[in-house]
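Residue numbers (the working numbering), protein chains in the order written: chain A, 1 to 338; chain B, 1 to 338.
Note that CB positions come from ideal geometry on N, CA and C, so glycine has one too.
Just so we're clear, the structure is a prediction, and the values are computed from it rather than from any experiment.
One structure is given here, and the rest of the page talks about it.
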């Protein structure tokens with residue numbers, strides 16, 4: 001089969017690779033329906049994370065089951081399935097506590113920008129749809145498997161409540177999906193921090209009521225002004241830098257909550273500052289598996305359309321162009337079709 | 001009148017001071033019924049916080065209203081009142097959001113180890129009891145005003161739920177009161193980290209089901225073993241050091257919660273570690289005012305007796321001995337009687 005390999009910063013190639021095989025009785029093999037490039041794929045692409053030996057890339061997928069291991073009984077070949085970037089058995093204590101992305105048997109996906117993919121923990125990880133969904137829903141379901149699930153988690157961790165005010169820091173695909181999540185959870189006012197007009201438009205389409213283009217303390221001051229001088233109930237941090245975290249913490253009102261879902265790079269939180277702010281802080285890899293049945297329903301019923309975050313569609317063989325377009329911010333998110 | 005003044009580390013004196021006066025129409029003056037020494041008073045006493053010029057000490061009090069300012073209508077002279085170490089108007093947005101200890105007009109109390117005390121924001125801060133309570137309840141009500149309120153907040157911030165497992169880090173008066181709070185909120189298993197036999201005894205009397213004497217990673221490993229290998233649902237951090245925070249964060253299960261109520265000294269939290277733990281973190285000065293009516297009821301009904309944390313009772317004039325006894329850990333907490 002063919003798939004993407006990263007060789008060095010800026011160097012992603014589409015190559016012939018070994019077909020994936022069932023390695024454990026809990027595995028499944030899927031044929032990729034659609035896959036995509038994630039904002040977090042840009043960390044190594046930009047040289048901000050070490051690459052080491054050339055390796056496959058990609059952790060987002062929806063597809064058709066090709067083959068299942070002997071212990072996989074809940075799904076069967078031919079089904080259309082949605083999964084998560086973090087695989088989980090769905091039976092361990094962490095899964096039962098609602099944190100499948102901290103499953104004791106978790107394996108992070110990393111080979112999905114390819115024609116076929118091996119899914120570990122397939123029984124716990126994959127959710128089959130009721131029949132094969134119309135192709136128009138595939139991008140939305142692909143978003144569910146990572147960026148929408150992650151935005152959803154940002155809103156849950158930030159304790160978004162009906163009638164509350166939410167700020168979303170970050171206007172990448174996750175930030176935009178976080179706007180959808182805040183709206184679905186009933187936030188009355190949703191302030192999106194964004195300085196790119198196309199992303200602002202999408203944020204508004206998804207439910208943002210206000211746009212703030214200023215960053216840092218200027219942005220914080222504006223949020224404060226818009227929230228009666230005290231800050232927002234909930235702040236959804238969808239970037240992962242120290243600057244974004246600072247902006248998020250300062251934008252929350254006393255006793256408000258910050259949900260942080262961008263993998264933190266060089267972020268340290270001062271204990272005393274957090275203490276006197278009364279702000280609650282929770283983050284982590286999104287427990288997408290827990291949300292799957294609900295989010296799949298919302299997409300297939302047409303209630304939400306997170307697939308709109310894909311503003312570039314390419315054949316899988318042009319995966320390198322997907323990376324480049326996102327790196328140069330010409331695209332929010334690149335969809336790849338095998 | 002007479003009261004305590006700190007002059008230098010280790011040097012607390014009982015001196016003649018000016019009588020407090022109504023300075024603002026929102027003030028009240030109370031005659032102290034009982035007051036006490038707080039673990040946090042030991043930071044300057046031990047030279048771990050700068051002292052500057054000699055100044056009064058103490059932020060815990062219950063007493064009799066002597067005089068009220070023109071705008072104080074809800075309480076009147078002669079009443080017995082309980083307050084909080086953080087004064088609040090109880091009407092600002094932060095108060096209405098449940099965080100009176102972040103009131104826009106907050107003033108921290110700091111002159112309570114004295115015969116008379118001026119209470120700013122008296123209308124919002126003070127709660128009068130129904131008649132003068134029997135003297136046997138005064139220590140319990142004094143605990144409500146700070147250490148029990150703070151332990152209660154630790155349990156709330158750590159999201160203690162019925163049936164859950166809670167770990168309490170710190171066996172000072174706040175930690176011991178946190179055990180009461182966890183029990184009252186329905187925790188089924190309460191693990192107290194303590195290596196002092198008299199404190200262990202009190203922790204058990206308050207509801208601790210298990211005692212762990214080990215500290216650091218050894219203590220963490222034991223908690224993990226006691227909780228099916230994953231850690232506790234809730235951890236109540238009642239110390240404020242970097243070591244205690246590390247121990248707390250590592251003792252929580254994936255997706256668990258840490259409530260931290262010890263004022264942090266040189267504590268920094270690594271963003272990436274917090275991220276992958278899925279642990280929620282919230283702390284701050286306890287919103288005691290919000291709890292007062294409920295906690296006063298629990299004490300006066302005899303349901304709880306947080307006054308037991310006072311294991312040394314001294315006349316107010318011996319305040320210096322109170323500091324010394326607590327510094328040398330001969331006493332958990334010293335009650336002072338004017």
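Closest Cβ-Cβ distance between residue i and chain B: below 9 Å?
i              : result
residue 93(A)  : yes
residue 170(A) : no
residue 205(A) : no
residue 133(A) : no
residue 162(A) : no
residue 242(A) : yes
residue 157(A) : yes
residue 44(A)  : no
Can you pull the chain B residues whose beta carbon is under 8 Å from the beta carbon of residue i, in chain order?
i              : result
residue 253(A) : 93, 94 and 97
Along chain B, in chain order, which residues have C-beta atoms closer than 9 Å to that of residue i?
i              : result
residue 245(A) : 271
residue 274(A) : 260, 264, 267, 269, 281, 282, 283 and 284
Which residues in chain B have a C-beta closer than 7 Å to the C-beta of residue i? List them in chain order.
i              : result
residue 230(A) : 93 and 94
residue 102(A) : 254, 255 and 278
Check the Cβ-Cβ distances between residue i and every residue of chain A, and say whether any is below 9 Å.
i              : result
residue 260(B) : yes
residue 9(B)   : no
Give me the residue from the options with the minimum Cα distance to residue i.
i              : options                           : result
residue 171(A) : 3(A), 309(A) and 315(A)           : 309(A)
residue 119(B) : 32(B), 131(B) and 141(B)          : 32(B)
residue 208(A) : 51(A), 42(A), 162(A) and 180(A)   : 180(A)
residue 272(A) : 240(B), 228(B) and 292(B)         : 240(B)
residue 114(A) : 19(A), 330(A), 213(A) and 267(A)  : 19(A)
residue 102(B) : 76(A), 130(A) and 254(A)          : 254(A)
residue 27(B)  : 122(B), 168(B) and 126(B)         : 122(B)
residue 304(B) : 323(B), 331(B) and 205(B)         : 205(B)
residue 81(A)  : 67(A), 276(A), 93(A) and 94(A)    : 67(A)
residue 25(A)  : 69(A), 48(A) and 60(A)            : 69(A)
residue 128(B) : 190(B), 193(B), 188(B) and 62(B)  : 62(B)
residue 46(B)  : 174(B), 333(B), 328(B) and 236(B) : 328(B)
residue 71(A)  : 116(A), 124(A) and 52(A)          : 124(A)
residue 291(B) : 57(B), 151(B), 15(B) and 43(B)    : 151(B)
residue 284(B) : 74(A), 126(A) and 270(A)          : 270(A)
residue 331(B) : 12(B), 199(B) and 48(B)           : 199(B)
residue 229(B) : 214(B), 77(B) and 252(B)          : 252(B)
residue 60(A)  : 13(A), 217(A) and 126(A)          : 126(A)
residue 43(B)  : 116(B), 29(B) and 264(B)          : 264(B)
residue 90(B)  : 104(B), 79(B) and 78(B)           : 104(B)
Could you check how far apart the C-beta atoms of residue i and residue j are, in whole angstroms? I think they sit under 8 Å.
i              : j              : result
residue 99(B)  : residue 287(B) : 5 Å
residue 281(B) : residue 258(B) : 5 Å
residue 289(B) : residue 40(B)  : Not really, about 18 Å apart at Cβ, beyond 8 Å.
residue 343(B) : residue 319(B) : Examination of residue 343(B) is not possible in this model, given that chain B is present from 1 through 338 alone.
residue 22(B)  : residue 54(B)  : Not quite, the Cβ-Cβ distance comes to about 24 Å (not below 8 Å), so this is no contact.
residue 266(A) : residue 242(A) : 6 Å
residue 190(B) : residue 166(B) : 5 Å
residue 187(A) : residue 164(A) : 5 Å
residue 65(B)  : residue 322(B) : Not confirmed; about 25 Å, so no contact.
With 9 Å as the threshold, decide whether the Cβ of residue i is near any Cβ in chain D.
i              : result
residue 287(B) : Within the model displayed, chain D is absent; protein chains A and B are what it includes.
Extract the residue ranges of the alpha helix (DSSP H) inside the segment 110 to 191 of chain B, only unbroken runs of 4 or more that lie entirely within it. Runs of the alpha helix (DSSP H) inside the segment 110 to 191 of chain B: 122 to 125, 138 to 143, 149 to 157 and 173 to 184.
Suppose only complete runs of 4+ residues qualify. What are the alpha helix (DSSP H) ranges in the segment 40 to 86 of chain A, listed by chain order? 42 to 45
Those runs of the beta strand (DSSP E) which lie wholly inside the segment 222 to 263 of chain A and span at least 3 residues: 232 to 237 and 252 to 260
Ignoring anything shorter than 4 residues, give me the alpha helix (DSSP H) runs that lie fully in the segment 260 to 308 of chain B, in order along the chain. When DSSP assignments are scanned along the segment 260 to 308 of chain B, the uninterrupted stretches of alpha helix (DSSP H) that are 4 or more residues long and fall wholly within it turn out to be 271 to 277 and 288 to 300.
In the segment 188 to 217 of chain B, which residue ranges form an unbroken beta strand (DSSP E) of at least 3 residues, counting only runs that do not cross its ends? 189 to 193 and 210 to 212
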